[in-house]
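K.L.:
All residue numbers for the sequence shown refer to UniProt numbering, where the first residue is 1 and numbers rise by one.
By construction, the Cβ of each residue, glycine as well, lies at the ideal position given by its N, Cα and C atoms.
None of the values given here were measured: they were computed from a predicted structure.
Provided herewith is a single structure, encoded as structure tokens, for subsequent inquiry.
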Amino acid sequence: MFDYKLLSALAAVIEQAGFERAAQVLGLSQSAISQRIKLLEARVGQPVLVRVTPPAPTEIGRRLLNHVQQVRLLERDLQTLVPALDEEGLPERLRIALNADSLATWWAEAVGDFCAEQHLLLDLVVEDQTVGLKRMRAGEVAGCVCASERPVAGARSVLLGAMRYRAMASPAFIARHFPEGVRADQLAKTPALVFGPDDFLQHRYLASLGVDGGFEHHLCPSSEGFLRLTEAGLGWGLVPELQVREQLERGQLQELLPDKPIDVPLYWHHWRNGGQLLGLLTDQLVRSSKQWLVPLD
Numbered sequence: 001m002f003d004y005k006l007l008s009a010l011a012a013v014i015e016q017a018g019f020e021r022a023a024q025v026l027g028l029s030q031s032a033i034s035q036r037i038k039l040l041e042a043r044v045g046q047p048v049l050v051r052v053t054p055p056a057p058t059e060i061g062r063r064l065l066n067h068v069q070q071v072r073l074l075e076r077d078l079q080t081l082v083p084a085l086d087e088e089g090l091p092e093r094l095r096i097a098l099n100a101d102s103l104a105t106w107w108a109e110a111v112g113d114f115c116a117e118q119h120l121l122l123d124l125v126v127e128d129q130t131v132g133l134k135r136m137r138a139g140e141v142a143g144c145v146c147a148s149e150r151p152v153a154g155a156r157s158v159l160l161g162a163m164r165y166r167a168m169a170s171p172a173f174i175a176r177h178f179p180e181g182v183r184a185d186q187l188a189k190t191p192a193l194v195f196g197p198d199d200f201l202q203h204r205y206l207a208s209l210g211v212d213g214g215f216e217h218h219l220c221p222s223s224e225g226f227l228r229l230t231e232a233g234l235g236w237g238l239v240p241e242l243q244v245r246e247q248l249e250r251g252q253l254q255e256l257l258p259d260k261p262i263d264v265p266l267y268w269h270h271w272r273n274g275g276q277l278l279g280l281l282t283d284q285l286v287r288s289s290k291q292w293l294v295p296l297d
């Protein structure tokens, strides 16, 4: 039989990215958290954490994290039926991974009322849409918004729609680099903006235009910062259509190739045994995302 105090310590260390913050969240000393982790490792007969900064789960640690997160959600369903079991009356917390562009555009409106109605708190982990699923595979999150369709074992995926990106630049940038008009083969020779080392959207975009190979680029791991750098003329970038409507109307940004957008599909992944709360959140995301995302053919 599992000792859930030990599993809660493991979950807190991973979710809070360290022993000190985990101790604060659980109202324990850092030494007590360390002792619980050691006791858990003694009981399972192998390490559950890799002692790096921040701590990372081992393979067995990931399996235990998956288990404890699903138990939390199932316990919430039981407390709904038997309120007396919820002695502390604390809100539920869900740890979710999603891409920065979703967080900067449609996510807040999609879940705002839902979180208030369900007394739900979110721990959001920002990852590029192409790699966010690794957080679920590691057992660190209960749900994930990413571009991958295939779910990890024990999870489901639901298509929400696609985020449409358009190649944008400031008028000054266009005048400087494309005085005779924008040509696809010139894009690789002018500075671009890339979100981070895991972001290959620009590579895919250029490949779709028949342009292969490397290109000059800045790295900017911030959705809002990415937009500000584009406005300032540091480079051209693929920006969510949802994020640039005002800039287009005011003339702060212009589209390089108006007939050449690129769509990135977004899928919602969640654990199969996630209880009623994850089911309700899934329904909410499927309904609300239709307002902002582009349907896929």
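If we count Cβ pairs, one from each stretch, closer than 8 angstroms, do we get three or more for the stretch 140-149 versus the stretch 92-111?
P.N.:
yes
K.L.:
How many Å lie between Leu293 and Ala162 at the Cα?
P.N.:
Taking the first residue of the sequence shown as 1, we reach residue 293 at position 293. Taking the first residue of the sequence shown as 1, we reach residue 162 at position 162. Rounded to whole angstroms, Leu293 to Ala162 spans 5 angstroms at the Cα level.
K.L.:
Pull up the CB-CB distance for Phe215 and Ala188, whole angstroms please, since I reckon it's below 8 angstroms.
P.N.:
For the purposes of this step, residue 215 is taken as the residue at position 215 of the sequence shown. For the purposes of this step, residue 188 is taken as the residue at position 188 of the sequence shown. Correct: roughly 4 angstroms between the Cβ atoms.
K.L.:
Given 8 angstroms as the limit, is there contact between the stretch 166-179 and the stretch 254-271, that is, 3 or more CB pairs closer than that?
P.N.:
yes
K.L.:
Here's a check: name, in chain order, each residue in its chain whose Cβ is nearer than 8 angstroms to the Cβ of Asp263, leaving out the five neighbours to either side.
P.N.:
If you number the sequence shown from 1, residue 263 lands on position 263. Correct list, in chain order: Ala162, Met163, Arg164, Tyr165, Val294, Leu296.
K.L.:
What residue does the beta strand (DSSP E) around Ser157 start on, and which one ends it?
P.N.:
Numbered from 1 along the sequence shown, position 157 holds the residue referred to as residue 157. Per DSSP, Ser157 belongs to the beta strand (DSSP E) from 155-169.
K.L.:
Have a look at Tyr205 and Asp199 and give me their C-alpha separation to the nearest angstrom.
P.N.:
Residue 205 sits at position 205 when you count from the first residue of the sequence shown. Residue 199 sits at position 199 when you count from the first residue of the sequence shown. Looking at the two C-alpha atoms, the distance is approximately 12 angstroms.
K.L.:
May I ask you to verify whether the stretch 2-10 touches the stretch 35-42, counting CB pairs closer than 8 angstroms and requiring at least 3?
P.N.:
yes
K.L.:
Any idea if His270 is buried or exposed, counting beta-carbon neighbours within 10 angstroms, 16 or more meaning buried?
P.N.:
Within the sequence shown, residue 270 is the residue found at index 270, counting from 1. By the neighbour-count rule (16 or more Cβ atoms within 10 Å), His270 is buried.
K.L.:
If we cut at 7 angstroms on Cβ distances, does Leu103 have a partner in chain D?
P.N.:
Any reference to chain D falls outside this structure, which holds one protein chain only.
K.L.:
Smallest Cα separation from Thr53: which of Leu65, Ile14, Val44?
P.N.:
As a first step, residue 53 must be located in the sequence shown, where it is residue number 53. Checked all of Leu65, Ile14, Val44; the closest Cα to Thr53 is Ile14.
K.L.:
Should Pro221 and Gly181 be called a contact, given that it needs their Cβ atoms to be closer than 7 angstroms?
P.N.:
Counting from one through the sequence shown, the residue named residue 221 turns up at place 221. Counting from one through the sequence shown, the residue named residue 181 turns up at place 181. Taking 7 angstroms as the Cβ cut-off, Pro221 and Gly181 do not qualify as a contacting pair.
K.L.:
Please state if the CB of Leu201 and the CB of Gly289 are separated by a distance shorter than 7 angstroms.
P.N.:
For the purposes of this step, residue 289 is taken as residue 289 along the sequence shown, with counting starting at 1. For the purposes of this step, residue 201 is taken as residue 201 along the sequence shown, with counting starting at 1. Residue 289 is actually Ser in this sequence, not Gly. Contact flag unset, no.
K.L.:
Starting from the C-beta of Ala17, find all residues in its chain whose C-beta is less than 8 angstroms away, skip the five residues before and the five after it, and write them out in chain order.
P.N.:
What you label residue 17 is simply residue 17 of the sequence shown in a count that begins at 1. Answer for Ala17: Pro54, Pro55, listed in chain order.
K.L.:
In whole angstroms, what separates the C-alpha of Leu49 from that of Pro261?
P.N.:
As a first step, residue 49 must be located in the sequence shown, where it is residue number 49. As a first step, residue 261 must be located in the sequence shown, where it is residue number 261. Each residue's Cα considered, the two are about 43 angstroms apart.
K.L.:
Answer with buried or exposed for Leu219, where buried requires no fewer than 16 other C-beta atoms within 10 angstroms of its C-beta.
P.N.:
Your numbering for residue 219 matches position 219 in the sequence shown. So Leu219 counts as exposed.
K.L.:
Which partner residues does Ile262 have in the DSSP bridge list?
P.N.:
As a position in the sequence shown, residue 262 is number 262, starting the count at 1. Answer is Tyr165.
K.L.:
Here's the rule: buried if 16 or more other CB atoms are within 10 angstroms of the residue's CB, otherwise exposed. What is Gln291?
P.N.:
Within the sequence shown, the letter at position 291 stands for residue 291. Label assigned to Gln291: exposed.
K.L.:
Could you give the residue range of the beta strand (DSSP E) that holds Arg95?
P.N.:
Position 95 of the sequence shown, counting from 1, holds the residue named residue 95. Looking at the DSSP string, the run of the beta strand (DSSP E) that includes Arg95 is 92-98.
K.L.:
For a quick check, are the C-beta atoms of Arg135 and Val125 less than 7 angstroms apart?
P.N.:
The count along the sequence shown starts at 1 and reaches residue 135 at position 135. The count along the sequence shown starts at 1 and reaches residue 125 at position 125. The answer is yes: Cβ separation under 7 angstroms.
K.L.:
Starting from the C-beta of Leu209, find all residues in its chain whose C-beta is less than 6 angstroms away, skip the five residues before and the five after it, and write them out in chain order.
P.N.:
Along the sequence shown, one-based indexing puts residue 209 at 209. Excluding sequence neighbours, Leu209 sits near Ala184.
K.L.:
Determine the direct distance from the alpha carbon of Pro191 to that of Leu10, and round the result to whole angstroms.
P.N.:
Here residue 10 is taken as the residue at index 10 of the sequence shown, counted from 1. Here residue 191 is taken as the residue at index 191 of the sequence shown, counted from 1. Rounded to whole angstroms, Leu10 and Pro191 show a C-alpha spacing of 44 angstroms.
K.L.:
For Phe19, is the classification buried or exposed, using 16 other Cβ atoms within 10 angstroms of its Cβ as the cut-off for buried?
P.N.:
Residue 19 sits at position 19 when you count from the first residue of the sequence shown. Looking at its Cβ environment, which holds 16 or more other Cβ atoms inside 10 Å, Phe19 is buried.
K.L.:
CB-CB under 7 angstroms to Gly213, same chain, minus the five flanking residues each way: which ones, in chain order?
P.N.:
Here residue 213 refers to the residue found at position 213 of the sequence shown. Contacts found: Ala188.
K.L.:
Let me check understanding here. Comparing Cα to Cα, which of Met168, Val25, Gln24 lies closest to Pro240?
P.N.:
Here the question's residue 240 lines up with position 240 in the sequence shown. Nearest C-alpha to Pro240: Met168.
K.L.:
Express the C-alpha separation of His177 and Gly279 in angstroms, rounding to a whole number.
P.N.:
Taking the first residue of the sequence shown as position 1, residue 279 is located at position 279. Taking the first residue of the sequence shown as position 1, residue 177 is located at position 177. Using only the alpha carbons, I get a separation of about 50 angstroms.
K.L.:
Quick check on DSSP: helix, strand or coil for Leu256?
P.N.:
By 1-based counting over the sequence shown, the position of residue 256 is 256. Of the three classes helix, strand and coil, the one that applies to Leu256 here is coil, per DSSP.
K.L.:
Along the chain, where does the beta strand (DSSP E) containing Ala192 start, and where does it finish?
P.N.:
Taking the first residue of the sequence shown as 1, we reach residue 192 at position 192. Note, Ala192: beta strand (DSSP E), 192-194.
K.L.:
By Cβ distance, which residues of its chain are closer than 7 angstroms to Leu65, with the 5 residues on each side in sequence left out?
P.N.:
The residue you call residue 65 lines up with position 65 of the sequence shown. Hits under 7 angstroms: Leu10, Ala11, Ile14, Pro57, Gly139, Glu140.
K.L.:
In chain order, what residues of the same chain have a beta carbon less than 7 angstroms from the beta carbon of Pro151, not counting five sequence neighbours either side?
P.N.:
Numbered from 1 along the sequence shown, position 151 holds the residue referred to as residue 151. Once the five neighbours on either side are set aside, the close Cβ partners of Pro151 are Ser157, His269.
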